[in-house]
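Engineer:
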Amino acid sequence: MNKFLKKAKDVFVADGRFSSVMTVVLLAILIAFNGIAYALTAHFGLYFYSTDMSDMELSDAVTPLYEKMKREERKVEILFCMAEEELEVHDTGAFVLHTAKQIAEKYPEVISIEYMNILTKRDSKGQNRSAQIEEYKKTLAEGEVLRDSSVVFSYKTIAGKMNYRVLTDNTSSGFASFFALDAATGSALAYCGEEMLTAMSILVADADQTRKMAYFTQYHGETPDSSMIPLLVCAGYDIQLLNLKDRDVPEDCALLIISSPQTDFEKAAPGSDVITEIERLSAYVEDGGHILATTHSYLKNPLKNLDEFFASHGLSVIRDEGVTAIVKDGAASIPTDAYTLVAKYADSAVADVLKTRLPDHGGVALTDTAALKLSGRAKPLLLSSSSSTLLADGKTVDREGDYVLAAMSEVQGGGDIVLIPSVYLTATDVMTSNTYSNRAFMYGLIEALYEGENLPYGCHMVNLMTDMLENLTARAAHIYTAVIFLIPTALAVCGFVFLRRRRNR
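Under the working numbering, think of the first position of the sequence shown as 38, with each following residue one higher.
1) Can you tell which of F212, E146, L409 and L378 has its C-alpha closest to the C-alpha of T129?
2) Between the beta-carbon of I315 and the beta-carbon of F253, is there less than 7 Å?
3) Judging by CA-CA distance, which residue of C290, E259, H257 and T260 is the nearest neighbour of G273?
4) Where does Q277 sit, in a helix, a strand or coil, going by DSSP?
5) Please give me, in chain order, every unbroken run of the beta strand (DSSP E) with length at least 3 that falls completely inside the stretch 189–237.
6) Could you check whether the stretch 220–238 touches the stretch 124–140, counting it as contact only if at least three pairs of C-beta atoms, one from each stretch, sit closer than 8 Å?
7) Which residue wins for smallest C-alpha separation from A477, given the options G367, K432, M265 and V441?
8) Are D366 and L378 touching if we call contact CB-CB under 7 Å?
9) Using alpha carbons as the reference points, say which of R284, Y335 and Y480 lies closest to E490.
10) Keeping to the same chain, check which residues put their C-beta closer than 7 Å to that of E181; ignore five residues upstream and five downstream.
11) Do the stretch 463–477 and the stretch 407–417 meet, that is, are 3 or more Cβ pairs less than 8 Å apart?
12) Use the C-beta contact count for P458: other C-beta atoms within 10 angstroms, 16 or more gives buried, fewer gives exposed.
13) What residues match up with A444 in a beta bridge as DSSP calls it?
14) Alpha carbons only, please: which of L156, I148, S214 and S161 is nearest the one belonging to S191?
15) If you count every other CB in all the chains shown that lies within 10 Å of the CB of M119, and 16 or more means buried, which is it?
16) Out of F302, Y321 and K341, which one is the CA nearest neighbour of R356?
17) Quick one: residues in its chain with C-beta nearer than 6 Å to the C-beta of P417, no 5 flanking neighbours on either side, listed in chain order?
18) Around the Cβ of R202, are there at least 16 other Cβ atoms within 10 angstroms (buried) or fewer (exposed)?
19) If we require 3 or more residues per run, which beta strand (DSSP E) segments fall completely within the stretch 344–387?
20) Taking just the CA atoms, how far does T332 sit from P261?
21) Looking at D160: is its Cβ nearer than 7 Å to the Cβ of E146?
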């Protein structure tokens with residue numbers, strides 16, 4: 038054994054190999070730990086986090102909203118269906134409780150907090166809430182149940198009527214409404230408690246309790262991002278799915294969302310009296326409805342019927358020999374290939390309205406986006422830079438620049454259509470970013486076009502899994518990447534020199 042140890046020592050220490058070996062071992066340990074952490078996050082979802090409570094300070098963005106509620110003498114109770122001591126150690130509930138306490142301490146005239154045992158139905162003061170629980174349940178959607186991770190918002194109107202809003206979910210971890218989740222794994226990507234608590238407090242204290250409905254079309258491979266639904270909830274919408282093959286757009290539909298379909302919508306043959314999906318879309322928008330649509334830019338087979346519907350309203354995707362042209366913008370790119378860019382606002386009346394509602398930081402990030410050709414009553418909202426180009430099948434097909442990346446078309450005598458030819462506008466990583474304004478842009482659309490009010494702009498998002506290169510320009514990204522790879526090399530060299538000098542003494 039002694040001979041083996043001596044031989045191993047000679048191998049590792051000789052010629053300064055020890056420092057190199059230790060560097061390799063250290064890197065292997067870090068890589069292994071990262072792999073284990075990722076596997077735990079993917080498997081256990083919300084149970085794994087990479088932040089702490091010190092990251093969750095309140096922003097000043099919502100102060101005017103709470104001050105308005107204070108002037109109007111509106112006070113909201115936030116009821117947790119779990120004991121305070123249990124919440125404080127709960128994996129996800131602790132986050133929500135921490136933010137709720139911050140808000141209640143900062144705005145005590147507006148927000149109060151109470152706790153209830155969902156089993157005994159008694160609150161922290163010993164009062165029985167059985168009757169109220171039955172009222173809470175009436176506000177739940179079909180399939181939802183009141184559970185220990187539910188949060189109830191209540192407000193008593195001047196007339197003595199009680200308004201309720203309940204957030205609940207069926208996840209194993211609970212409190213999912215306060216997090217942006219990865220659609221595939223269910224893991225938490227960001228915490229948005231300040232936004233959700235603020236929005237629900239405003240909504241429940243609204244005298245007009247008319248619930249707005251937003252419908253997502255389905256059965257065409259639509260892929261709504263997990264961060265889009267909480268945003269709509271914060272804007273006051275209840276969410277439903279809609280199969281246009283079976284029914285017309287409901288009369289209570291305030292917003293119809295077509296989220297990146299992968300197969301086409303049905304259209305009746307010319308001269309036919311058959312009513313299909315495209316006919317129902319046309320009837321809805323001509324009757325004053327609002328459509329918000331995002332589309333894929335890399336589909337092999339274009340959606341002919343849907344494309345023709347948009348084109349009939351002046352919104353046409355630019356193609357070259359049937360291939361969708363993709364915008365490449367080196368001047369406004371984010372790392373690293375110029376296909377991910379920060380859009381600028383267009384010079385149009387609608388875009389000007391949006392700019393007045395958006396915070397003065399960041400831009401709207403898009404990736405792999407197509408461009409639009411406008412006609413008729415269509416107006417641009419977002420543009421690429423003047424030096425951008427269009428590529429189809431890898432070859433440049435246009436160098437004009439200033440391509441339209443998002444646009445709105447007003448239907449004469451009716452409603453409007455907003456089209457964004459990119460799936461990335463509402464992607465979770467940019468919607469939860471504190472650097473880019475994608476979330477604020479969506480709120481701006483809802484406020485400017487869909488009569489949204491008192492929206493929680495600018496709330497602080499706590500990113501639980503942050504992309505290291507997210508905020509860098511392409512050049513800075515290359516520099517950072519080089520530095521990252523140089524660090525272990527530099528450690529190995531320093532270790533080698535240090536051990537050589539010790540041996541030569």
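Glycine included, C-beta positions come from ideal geometry on N, C-alpha and C.
In this text, all values refer to a predicted model and were calculated from it rather than measured experimentally.
Structural biologist: On the basis of the supplied data:
1) F212
2) At least 7 Å separates the beta-carbon of I315 from that of F253.
3) C290
4) strand
5) 199–204, 216–218 and 225–228
6) For the pair of segments examined, the stretch 220–238 was found to touch the stretch 124–140: the number of CB pairs separated by less than 8 Å reaches three.
7) M265
8) Taking 7 Å as the cut-off, the Cβ atoms of D366 and L378 count as close.
9) Looking at the Cα atoms, Y480 is the closest of the given residues.
10) T205
11) Because the criterion of three Cβ pairs below 8 Å is not met, the stretch 463–477 and the stretch 407–417 do not touch.
12) buried
13) P417 and L456
14) I148
15) buried
16) R356 has its Cα closest to that of K341, out of F302, Y321 and K341.
17) These residues qualify, in order along the chain: A383, S385, V441 and A444.
18) buried
19) 352–354, 363–365 and 377–382
20) When only Cα atoms are considered, P261 and T332 end up about 11 Å apart.
21) no
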